[in-house]
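J.:
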Amino acid sequence: HFRTEYSAAIVAIHRNGGHMLGKIGDVVLQGGDVLLLDTLGSFVHKYRAGQDFLLVYELEDSAPPRMEKLGLAAVCGVGMVVAYIAGLADLLVAALVAATIMVLGGCIDVHTAR
């Protein structure tokens, strides 16, 4: 219902200072719950001054994951682990090679990698 009403997905819920465990879809929201939402860009403008939410804040420099690069990132991650387990490279070397390939392949940019 929440996703349909607000065009937003609840990523996490904090209640009374603690993280709510269990399936998010089964949690009954209460006043005072703190929600981390994945929303469209228009959400902030639409609900910032409304009465449905007490505080609406946009994370700067946030962007959805680039799923078109998932294959390359997965190959780099698996390759790093296999190279280390097989004794082909130290973990640091394997990690640096994987990170370099991901930067050159466009999975992440240098700023994000730092």
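Per our numbering, the very first residue in the sequence shown carries number 17; after that it's consecutive.
From the three backbone atoms N, C-alpha and C, an ideal C-beta is built for every residue, glycine too.
#1: List in chain order: all unbroken beta strand (DSSP E) runs of 3+ residues lying wholly within the stretch 26–85.
#2: What separation, rounded to the nearest whole angstrom, lies between the Cα atoms of H127 and V43?
#3: Is E84 near the ligand MG, in the sense that its beta carbon is under 8 angstroms from a heavy atom of that ligand?
#4: Distance, Cα to Cα, H17 vs F59?
#5: Bridge partners of A24, per DSSP?
#6: Please name the residue in V72, V113, I26 and L112 whose C-alpha comes closest to that of G41.
#7: Can you name the start and end residues of the alpha helix (DSSP H) that A111 belongs to?
#8: Would you mind sorting A90 into buried or exposed? The rule is 16 or more other CB atoms within 10 Å of its CB.
#9: Starting from the Cα of L71, find the closest Cα among M83, G48, M96 and H35 and give me that residue.
T.: On the basis of the supplied data:
#1: 50–55
#2: 37 angstroms
#3: With respect to small molecules bound, the structure shown includes none, and the ligand MG cannot be examined in it.
#4: 16 angstroms
#5: T55
#6: I26
#7: L107 to L120
#8: exposed
#9: G48
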